[in-house]
Amino acid sequence: FAVMSPYASIAVITYTIADQTEHSTYRLTATCSYSTQVVISNEIEIALTAVNLCYCTPNNTDCSDEYISNVSIGAINNSSTCSPNGYHDYTTSVPIQILNKEIPIPVSITSNGTPLGIAVMIDYNQDGVFSNAEVQYIGLANYSNPTVSSTIIIPATALNGITRMRIRGLYYMGASNFLNSSNPGCE
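Residue numbers (our numbering): 47 to 233.
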């Protein structure tokens, strides 16, 4: 961003914000070199132009006991194995175009006993955050019931365009654990 001055004798200052990964607010502190007077600006918000750069990576670190091994929705059918950080990125999957329809979404896990709560998060408003309103709990899966399924309805109010979906599995987590989280897509 650039700081402009109404006075011709004051230079324009340009500052580049590197590695910004979320919407942020900033203040400018200006110090006069002659009087050392300090002026602090009002907050300004700097937003990213590409929302896909805003999504957090889940705080998963281990999938040695259980992990999501398959997700199917529409024509998308992704299988996975345990990865070092417990996270797979399928953002290059073929998009599906569905609005205001019931869509079945079966999710399978691989488990050695610990139940895994499964939820789907879809960023309907494309703001780069999975809010509680965008979370649907699918169910609790375990080794004797490795596949849980639910039906999701993409609301007619969902924005058109590429929209991020995330499927999460958390140990022993029920619906309230996902819905009471300040950031259900990452915590």
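Quick reminder that beta carbons are idealized off the backbone N, C-alpha and C, glycines included. Values in this document were obtained by computation on a predicted structure and should not be read as measured data.
Query: Contact between the stretch 76-91 and the stretch 116-127 (3+ Cβ pairs under 8 Å); Result: no
Query: Best match in S118, I90, A76, S157 for proximity to S70 [C-alpha to C-alpha]; Result: I90
Query: Exposure of R73, with buried meaning 16 or more beta-carbon neighbours within 10 Å; Result: exposed
Query: Buried/exposed call for E148, threshold 16 Cβ in 10 Å; Result: exposed
Query: Span separating the alpha-carbon of V153 from that of Q66; Result: 33 Å
Query: Cβ-Cβ distance between S126 and S115 below 8 Å; Result: yes
Query: Alpha carbon of S195 to alpha carbon of L225, nearest angstrom; Result: 18 Å
Query: Distance CB(G231)-CB(L186) smaller than 8 Å; Result: no
Query: Candidates I92, S79, E68, of which the one nearest Y61 by Cα; Result: I92
Query: Straight-line gap, A48 to I63 (C-alpha atoms, nearest Å); Result: Since pLDDT at A48 reaches only 49, below the 50 mark, its modelled position is unreliable, and the value read off the structure follows with that caveat. Straight-line Cα distance between these residues: approximately 11 Å.
Query: Buried or exposed by the 16-neighbour rule on C-beta atoms within 10 Å, applied to Y217; Result: exposed
Query: Selection from T193, I213, D173 that minimises the alpha carbon distance to A204; Result: D173
Query: Length-filtered (4 minimum) alpha helix (DSSP H) runs lying within the stretch 99-158; Result: none
Query: Euclidean distance between Cα positions of P192 and V181; Result: 21 Å
Query: Separation of R210 from D169, as counted between CA atoms; Result: 6 Å
Query: For A93, the first and last residue of its enclosing alpha helix (DSSP H); Result: No alpha helix (DSSP H) contains A93, which DSSP labels as neither H nor E.
Query: Buried or exposed by the 16-neighbour rule on C-beta atoms within 10 Å, applied to C109; Result: buried
Query: C-beta contact flag for G132 and Y113 at 8 Å; Result: yes
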